[in-house]
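Next up, the structure:
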């Protein structure tokens with residue numbers, strides 16, 4: 397064997413040995429670093445550590461991380477993953493620029509388990525904050541969570557607050573430093589993509605929120621098969637409650653959000669959406685009138701927006717081809733009365749609780765009422781007005797009133813006949829009182845009062861009532877009769893009850909007064 401070949405073999409052996417020694421040394425340094433630098437409240441464990449010095453790759457298999465103590469709203473965080481891999485680790489950066497650079501960090505099939513903090517302010521352990529003291533800048537070119545599972549539980553681990561069956565996360569240009577790590581969001585990033593599947597969360601004691609999928613990036617959010625459902629059947633809910641409560645079934649096949657961004661700090665969160673689109677939402681509300689009536693004050697929508705624990709600003713909400721069905725079941729052994737709005741399309745602008753001077757929500761709505769008449773509404777209210785002032789106007793045309801009997805007969809023991817050819821109204825008011833004007837053109841409008849069994853007509857009362865209902869003959873040259881509206885709000889009922897009693901007051905005035913325009 398020539399001397400050159402011998403030297404090459406010796407160099408190769410020393411190179412391999414040196415590389416193996418360097419790998420062993422690097423493993424030892426990593427293990428020592430984790431033992432020294434991982435905070436006491438964090439337990440980091442793994443089954444195997446693999447290193448490739450030439451490519452700058454590090455991989456931990458069967459990773460388990462447990463963090464105890466208050467981290468934002470969580471008091472315990474547990475993460476298990478098949479592998480934590482680091483690719484493209486820069487030795488130059490850490491040795492000479494005192495920073496950490498990683499090309500790709502991947503967490504494979506992670507299972508994330510969060511436990512929230514107890515509400516007891518005197519619980520020292522739960523409220524102990526464990527800040528991370530970072531000494532170097534960290535930059536990760538690409539951060540990936542692949543096929544993750546998320547669980548968030550209450551402090552006693554009795555109620556699952558959020559569950560996600562599949563989570564995919566892809567962040568670009570992730571960076572943090574000693575100052576950023578202390579902020580509400582402890583890192584920055586540029587582009588991102590989040591994919592969720594089978595999201596579930598309880599909303600209070602009675603309802604559940606579910607979603608089949610969510611895809612979110614810098615510019616848009618797309619959700620499919622969203623549902624908000626009461627946990628119990630109608631009969632079971634009535635047994636669970638003392639006071640009246642709606643049984644809710646809301647399903648939305650698709651929601652899309654365009655141009656969104658968020659501003660977060662220690663005190664508040666601001667959510668900004670350019671456009672939100674709801675495709676074919678279907679809302680069914682059932683109210684059993686057997687339980688006790690709840691006489692607590694129902695705030696109007698302006699007050700509800702002001703009370704939100706975060707700031708929201710939505711330029712436009714579009715509702716397309718929606719359906720609303722409201723059923724009310726009085727304890728009378730007859731079927732529940734139903735009020736239906738179909739083919740509902742709405743355009744809602746400037747929905748915001750920002751404290752600006754001109755913060756008026758504008759709502760335009762078109763729908764078919766009981767599949768028998770076209771309804772149009774224009775509704776405006778000022779969110780920051782402490783009196784909750786509003787202005788609402790509308791039009792109902794070609795409405796065959798007998799279609800309303802499905803709701804009137806079981807709930808009001810009244811049935812009607814005739815046609816409302818055109819009805820216009822304008823109502824202005826606040827949280828206490830309202831007033832307005834109404835005009836209507838109708839034909840052969842009559843009503844009948846029913847007996848308690850709803851199978852017979854109280855002929856005498858119906859006859860007397862119809863004597864006071866003008867047949868429309870004393871109308872203006874366009875066939876309209878006019879009326880006025882003046883109403884006091886029932887404080888423990890909803891805004892839509894408020895709207896209903898306004899219309900009811902106006903209709904009575906149109907039908908029973910002289911019908912002349914004042």
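Numbering (this note's numbering), first residue to last: 397 to 914.
Think of the CB as a built atom: it goes at the ideal place given N, C-alpha and C, for glycine as much as any other residue.
Rounded to whole angstroms, what's the CA-CA distance from residue i to residue j? Just pull it up for me.
| i | j | result |
| --- | --- | --- |
| residue 464 | residue 437 | 5 Å |
| residue 571 | residue 584 | 5 Å |
| residue 509 | residue 595 | 15 Å |
| residue 540 | residue 616 | 19 Å |
| residue 428 | residue 434 | 10 Å |
| residue 826 | residue 891 | 10 Å |
| residue 905 | residue 680 | 32 Å |
| residue 758 | residue 793 | 22 Å |
| residue 444 | residue 538 | 23 Å |
| residue 350 | residue 837 | Outside the shown range of the chain (397 to 914) lies residue 350, about which nothing can therefore be said. |
| residue 543 | residue 486 | 27 Å |
| residue 861 | residue 907 | For residue 861, the predicted model reports a pLDDT of 43, less than 50, meaning its position is unreliable and no value from the coordinates is stated. |
| residue 912 | residue 839 | 17 Å |
| residue 659 | residue 613 | 16 Å |
| residue 694 | residue 889 | 6 Å |
| residue 648 | residue 742 | 15 Å |
| residue 745 | residue 593 | 30 Å |
| residue 938 | residue 675 | The first residue shown for the chain is 397 and the last is 914, placing residue 938 beyond what the model contains. |
| residue 554 | residue 709 | 35 Å |
| residue 893 | residue 506 | 49 Å |
| residue 832 | residue 664 | 40 Å |
Below 6 Å CB to CB, which residues in the same chain sit around residue i once its five sequence neighbours on both sides are set aside?
| i | result |
| --- | --- |
| residue 711 | 670 |
| residue 591 | 564 and 611 |
| residue 608 | 620 and 621 |
| residue 718 | 677 and 740 |
| residue 630 | 643 and 682 |
| residue 736 | 721 and 766 |
| residue 871 | 877 |
| residue 883 | 830, 897, 898 and 901 |
Could you tell me the boundaries of the alpha helix (DSSP H) in which residue i lies?
| i | result |
| --- | --- |
| residue 908 | 891-908 |
| residue 636 | 630-636 |
| residue 752 | Residue 752 -> no alpha helix (DSSP H), and no H or E assigned at all. |
| residue 722 | From DSSP, residue 722 is part of no alpha helix (DSSP H) but of the beta strand (DSSP E) over 707-725. |
| residue 698 | 697-702 |
Whole-angstrom Cβ separation of residue i and residue j, contact assumed at under 8 Å?
| i | j | result |
| --- | --- | --- |
| residue 556 | residue 495 | Going by Cβ atoms, the distance from residue 556 to residue 495 rounds to 40 Å, so no, they are not a contact pair. |
| residue 581 | residue 560 | Not quite, the Cβ-Cβ distance comes to about 20 Å (not below 8 Å), so this is no contact. |
| residue 767 | residue 738 | 6 Å |
| residue 707 | residue 749 | 6 Å |
| residue 788 | residue 895 | 7 Å |
| residue 902 | residue 879 | 5 Å |
| residue 625 | residue 604 | 6 Å |
| residue 713 | residue 747 | 6 Å |
Are the beta-carbon atoms of residue i and residue j separated by less than 8 Å?
| i | j | result |
| --- | --- | --- |
| residue 549 | residue 512 | yes |
| residue 812 | residue 842 | yes |
| residue 477 | residue 504 | yes |
| residue 484 | residue 498 | yes |
| residue 569 | residue 530 | no |
| residue 918 | residue 682 | The question about residue 918 has no answer here: the residues shown for the chain are numbered 397 through 914. |
| residue 618 | residue 652 | yes |
| residue 627 | residue 602 | yes |
| residue 822 | residue 885 | no |
| residue 623 | residue 646 | yes |
| residue 756 | residue 778 | yes |
| residue 790 | residue 774 | yes |
| residue 716 | residue 673 | yes |
| residue 480 | residue 459 | yes |
| residue 834 | residue 881 | yes |
| residue 654 | residue 668 | no |
Going along the chain, which residues of its own chain have a beta-carbon closer than 8 Å to the beta-carbon of residue i, five neighbours each way excluded?
| i | result |
| --- | --- |
| residue 804 | 733, 810, 811 and 812 |
| residue 640 | 683, 684, 685, 687, 688, 689 and 690 |
| residue 551 | 471, 511, 512, 513, 514, 515 and 522 |
| residue 769 | 792, 793, 794, 795, 796, 799 and 816 |
Hey, could you find the ends of the beta strand (DSSP E) residue i is sitting in?
| i | result |
| --- | --- |
| residue 497 | 495-504 |
| residue 820 | 810-825 |
| residue 682 | 678-684 |
| residue 877 | 877-884 |
| residue 766 | It is not in any beta strand (DSSP E) - residue 766 carries neither H nor E in the DSSP assignment. |
| residue 603 | 603-613 |
Leaving out the 5 sequence neighbours to the left and right, which residues in its chain are closer than 7 Å to residue i when beta-carbon positions are compared?
| i | result |
| --- | --- |
| residue 781 | 698 |
| residue 502 | 481, 540 and 542 |
| residue 899 | 821 |
| residue 783 | 826 and 827 |
| residue 692 | 888 |
| residue 441 | 460 |
| residue 566 | 540, 588 and 589 |
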